[in-house]
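Undergrad: FYI, in numbering that gives the first Met the number 0 the residues of the sequence shown are 0 to 294. Ideal placement from N, C-alpha and C gives every residue a C-beta, glycine not left out.
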Amino acid sequence: MDHIPSAEARMTLMSITVGAAIRKALLWLLAACLLSVWVFPVLWGLLTSFKTERDVLAYPPLIVFEPTLSNYYEVIFGSSSILPNLWSTTIISVSTTVLTMLFAVPAAYAMARLRYPAKRGSGFYVLATQMLPPVGLIIPFYLVLQKIGGLDTYSGITAIYLTFSLPFAIWLMVSYFEDIPFEMEEAALLDRAGRFRTLWYVILPQVRGGIAVTTVFVFLNAWNEFLFAVVLTGNNVRPVTVAMFNFISVEQTQWARLAAGAMLAMAPVIIVGLVAQRHIVKGLTVGAVKGGGRR
Numbered sequence: 000m001d002h003i004p005s006a007e008a009r010m011t012l013m014s015i016t017v018g019a020a021i022r023k024a025l026l027w028l029l030a031a032c033l034l035s036v037w038v039f040p041v042l043w044g045l046l047t048s049f050k051t052e053r054d055v056l057a058y059p060p061l062i063v064f065e066p067t068l069s070n071y072y073e074v075i076f077g078s079s080s081i082l083p084n085l086w087s088t089t090i091i092s093v094s095t096t097v098l099t100m101l102f103a104v105p106a107a108y109a110m111a112r113l114r115y116p117a118k119r120g121s122g123f124y125v126l127a128t129q130m131l132p133p134v135g136l137i138i139p140f141y142l143v144l145q146k147i148g149g150l151d152t153y154s155g156i157t158a159i160y161l162t163f164s165l166p167f168a169i170w171l172m173v174s175y176f177e178d179i180p181f182e183m184e185e186a187a188l189l190d191r192a193g194r195f196r197t198l199w200y201v202i203l204p205q206v207r208g209g210i211a212v213t214t215v216f217v218f219l220n221a222w223n224e225f226l227f228a229v230v231l232t233g234n235n236v237r238p239v240t241v242a243m244f245n246f247i248s249v250e251q252t253q254w255a256r257l258a259a260g261a262m263l264a265m266a267p268v269i270i271v272g273l274v275a276q277r278h279i280v281k282g283l284t285v286g287a288v289k290g291g292g293r294r
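(1) Secondary structure at T252, three-state DSSP: helix, strand or coil?
(2) Let me know the alpha helix (DSSP H) ranges lying completely inside the region 62-145, each 4 residues or longer, listed in chain order.
(3) Given a threshold of 16 other Cβ atoms within 10 Å of its Cβ, counted over all protein chains shown, does F181 qualify as buried or as exposed?
(4) Determine the contact status of A258 and G44, defining contact as a CB-CB distance below 7 Å.
(5) Residue range of the alpha helix (DSSP H) that V239 falls in?
(6) For the alpha helix (DSSP H) that contains V173, what are its first and last residues?
(7) Do you know offhand how far V36's Cα is from W170's?
(8) Ignoring anything shorter than 4 residues, give me the alpha helix (DSSP H) runs that lie fully in the region 28-67, in order along the chain.
(9) Got a sec? Which residues, its chain only, sit under 8 Å from N234 by beta carbon, not counting five neighbours each side?
(10) From F39 to A31, what distance separates their C-alpha atoms?
(11) With which residues is I247 paired in a DSSP beta bridge?
(12) Helix, strand or coil, according to DSSP, for G290 in the structure here?
(13) When you compare the region 157-176 with the region 67-77, are there three or more beta-carbon pairs, one atom per stretch, that lie closer than 8 Å?
(14) Please list the terminal residues of the continuous alpha helix (DSSP H) segment that includes I210.
(15) Can you give the Cα-Cα distance for L231 and L144, rounded to whole angstroms?
(16) Taking its Cβ as the centre, do 16 or more other Cβ atoms sit within 10 Å of A20, making it buried, or is it exposed?
(17) I need the straight-line Cα distance from L42 to W222, nearest angstrom please.
(18) Does the structure place the region 263-272 close enough to the region 208-223 that three or more beta carbon pairs sit under 8 Å?
(19) Anyone know if the C-beta pair for T96 and T213 falls short of 7 Å?
(20) Once DSSP output is grouped into helix, strand and coil, what is the label at L231?
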């Protein structure tokens with residue numbers, strides 16, 4: 000005869016099941032609350048971009064309204080078009096990302112795999128550059144670019160972006176290079192592959208995930224940067240983050256057009272984030288754990 004659980008055992012099993020369901024529901028509620036902190040401003044900005052200026056200033060705020068595309072038409076095709084600014088931001092971000100990765104990959108490899116004098120000192124120097132307050136560097140950077148004619152140029156602002164993106168990329172990728180067993184590299188060197196062939200054919204395929212997440216972070220940082228851009232650029236080179244000021248004046252702030260421009264500026268960043276979200280999570284959980292120059 001099959002064993003029939005007692006009433007006490009069934010009650011215990013039911014309480015365990017109910018407790019697990021409650022804990023799961025609380026975790027989902029907590030996750031929803033944390034997500035809403037990020038989602039709500041984006042959704043509100045999206046709603047605002049479809050309102051007229053009259054609807055934006057209405058009190059209490061309107062949830063149900065007649066949407067309009069006039070704001071997007073104005074910021075794309077009108078006199079306040081931000082398309083040239085998006086193009087400037089694209090050039091700066093892509094140039095910064097490409098140059099950063101070209102220098103950061105061999106530098107991170109050297110710090111993680113090679114032995115050379117002052118290795119610890121160089122590792123600390125890379126980390127220390129991330130501790131400097133950006134606002135304290137604006138005046139020196141401005142004076143240097145003014146002296147060499149680099150103000151309001153793509154080359155000038157890209158060079159400035161390299162000063163903070165390159166140390167960040169090196170420090171992030173060092174951890175990925177350190178995770179590769181030294182035996183793989185030693186075996187390739189014993190086969191007379193050479194240092195550069197070993198790096199290209201053995202090491203880089205193992206750290207392509209780290210290179211991908213670093214590339215994403217560098218691109219996002221360059222795309223969203225505002226502090227240096229607002230001071231070191233002008234009429235010739237004006238990133239989209241700076242162009243948002245065109246909708247703000249002493250007499251009036253054009254909130255609807257500002258929201259539409261912000262949505263257009265955020266779209267590439269959101270797309271990149273969604274496409275590379277798995278790499279980003281890995282970078283947050285792995286890349287920030289280790290540091291360079293410790294061996």
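TA: Concretely, from the data shown:
(1) Numbered from 1 along the sequence shown, position 253 holds the residue referred to as residue 252. Annotated three-state conformation of T252 is strand, per DSSP.
(2) Counting only runs of 4 or more, we get 69-76, 82-112, 118-127.
(3) In the sequence shown, the residue the question calls residue 181 occupies position 182. With fewer than 16 Cβ atoms within 10 Å of its Cβ, F181 is classed as exposed.
(4) Looking up residue 258 in the sequence shown gives position 259. Looking up residue 44 in the sequence shown gives position 45. Taking 7 Å as the Cβ cut-off, A258 and G44 qualify as a contacting pair.
(5) Taking the sequence shown and counting its residues from 1, one reaches residue 239 at position 240. Counting along the chain, the alpha helix (DSSP H) containing V239 begins and ends at 239-242.
(6) If you number the sequence shown from 1, residue 173 lands on position 174. First-last of the alpha helix (DSSP H) with V173: 153-177.
(7) Position 37 of the sequence shown holds residue 36. Position 171 of the sequence shown holds residue 170. Taking the straight line from one Cα to the other gives about 30 Å.
(8) The qualifying runs are 52-55.
(9) As a position in the sequence shown, residue 234 is number 235, starting the count at 1. So the list reads D151, once near-sequence residues are dropped.
(10) What you label residue 39 is simply residue 40 of the sequence shown in a count that begins at 1. What you label residue 31 is simply residue 32 of the sequence shown in a count that begins at 1. Distance from the CA atom of F39 to the CA atom of A31, rounded to whole angstroms, is 11 Å.
(11) Within the sequence shown, numbered from 1, the residue matching residue 247 stands at position 248. Answer is T252.
(12) Walking along the sequence shown from the start, residue 290 turns up at place 291. In this prediction, G290 scores a pLDDT of 43, lower than 50, which makes its location untrustworthy; the coordinate-derived value is nonetheless stated afterwards. Coil, per DSSP.
(13) Too few Cβ pairs lie closer than 8 Å, so no.
(14) Here residue 210 is taken as the residue at index 211 of the sequence shown, counted from 1. That run of the alpha helix (DSSP H) goes 207-223.
(15) One-based indexing of the sequence shown puts residue 231 at position 232. One-based indexing of the sequence shown puts residue 144 at position 145. C-alpha separation (whole angstroms): 8 Å.
(16) Looking up residue 20 in the sequence shown gives position 21. With fewer than 16 other Cβ atoms within 10 Å, it is exposed.
(17) If you number the sequence shown from 1, residue 42 lands on position 43. If you number the sequence shown from 1, residue 222 lands on position 223. Whole-angstrom Cα-Cα distance: 21 Å.
(18) The region 208-223, when compared against the region 263-272, does touch it at the 8 Å Cβ threshold.
(19) The residue given as residue 96 occupies position 97 in the sequence shown. The residue given as residue 213 occupies position 214 in the sequence shown. Cβ atoms of T96 and T213: not closer than 7 Å.
(20) Mapped onto the sequence shown, residue 231 falls at position 232. DSSP places L231 in helix when its eight states are reduced to three.
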